[in-house]
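For reference, the structure discussed in these notes is given below.
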Amino acid sequence: MQINLQDAFLAQLKKEGNVVAVFLSKGVQLKGVIRGFDNFTIFLEDHEGRLQMVYKHSVTTVSPTRETSDAFLKEAFKDTDKKNPVAR
6 MQINLQDAFL AQLKKEGNVV AVFLSKGVQL KGVIRGFDNF TIFLEDHEGR LQMVYKHSVT
66 TVSPTRETSD AFLKEAFKDT DKKNPVAR
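Numbering (the numbering used here), first residue to last: 6 to 93.
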């Protein structure tokens, strides 16, 4: 089974409704709540309720503005023999 930490992390942030800062390769910072994502894009809703589609290839960092649960890591590794690389 292929582990996809990126999708697990984004799904956790979406589930929590956590505001995130998304940094783009050109230095632009976007803030909003993740409303959806696929293999190529992330949909962010800003504080005014506007949706933005951001292409993942332009994203360098996704940073939650508050602490987020690491439950997604347990879920991502549950069906594998691999150990959680960030277990505490």
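The C-beta atom is built at its ideal place from N, Cα and C for all residues, glycine as well.
Here residue 14 carries a helix assignment [DSSP, helix/strand/coil]. Restricting attention to 34, 36 and 42, the CA atom closest to the CA of residue 16 is found in 42. The criterion of a C-beta distance shorter than 9 Å is not satisfied by residue 33 and residue 69.
In the DSSP annotation of this structure, residue 45 is not part of any beta strand (DSSP E), being labelled neither H nor E.
About 6 Å separates the beta carbon of residue 49 from that of residue 35, a gap short enough to meet the 8 Å contact definition. By alpha-carbon distance to residue 54, the top candidate from 82, 44, 40 and 31 is 40.
The three-state secondary structure of residue 36, taken from DSSP, is strand.
In the three-state DSSP reduction, residue 50 falls in the strand class (E or B).
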